[in-house]
Amino acid sequence: MSQQLQSTFSITRTLPAPPERVFAALSDFEEKKQWFTGPADWTQVEASLDFRPGGSEVNIGQGPDGDRSEFYAHYYDIVPNERIVYTYEMHHRGVKLSVSLATFELEPEGEGTLLTLTEHGVYLDGHEDPALREQGTRMLFDQLAAYVGRVRA
23 MSQQLQSTFS
33 ITRTLPAPPE
43 RVFAALSDFE
53 EKKQWFTGPA
63 DWTQVEASLD
73 FRPGGSEVNI
83 GQGPDGDRSE
93 FYAHYYDIVP
103 NERIVYTYEM
113 HHRGVKLSVS
123 LATFELEPEG
133 EGTLLTLTEH
143 GVYLDGHEDP
153 ALREQGTRML
163 FDQLAAYVGR
173 VRA
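Final position of the sequence shown in the numbering used here is 175; the numbers increase by one with none missing.
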């Protein structure tokens, strides 16, 4: 019998750029490629972004051992500079690991942005630990913060 584990986490962080800048980093394909990446030894194999309600995103990469990770997202609700709601699947070595519903909320905070991600994931057949997903997502938050800090204008 197959099994699944459900888990929800939230990450909130103040980023050193206004909501418009952060939203651009989340929604523009060329900008997102600058920070939405795997570890240093990770190579992007395929990427696309159709950022609109009903649109989709694909991000496929692999490590030096050739193991592929695949991210497939679908966008449902977008309020520019305020909110992004999407679902996504994660696959590794051709096996579906999880399906998640995620929401980014952006709020002005001084000269920066209070960015909150809330994610509810269903982790399938013991293939992934929710704590590892949260850890990886925090790494992406670090990369996003560094990126928007560099390109504030």
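All C-beta atoms, glycine included, are put in the ideal place defined by N, C-alpha and C.
Of Ser91, Gly76, Gly88, the smallest CA-CA separation from Asp99 is found for Gly76. Under DSSP, Ala69 takes part in a beta bridge, and its partners are Asn81. Among the bridge pairs identified by DSSP, Gln157 is matched with none.
In the same chain as Ser32, and ignoring 5 residues on each side of it, the C-beta atoms closer than 7 angstroms to its own belong to Thr138, Leu139, Thr140, in chain order.
According to the DSSP assignment, Glu127 belongs to the beta strand (DSSP E) that extends over 117-131. Cβ contact annotation for Arg35 (same chain, cutoff 6 angstroms, sequence separation greater than five): Leu137, Phe163, in chain order. Contact check for Val121 and Val107: beta-carbon distance about 15 angstroms, past the 8 angstroms limit, so the pair fails to qualify.
By the CB criterion at 9 angstroms, Pro61 and Gly88 fall outside the cutoff. Taken through DSSP and simplified to helix, strand or coil, Ala168 comes out as helix.
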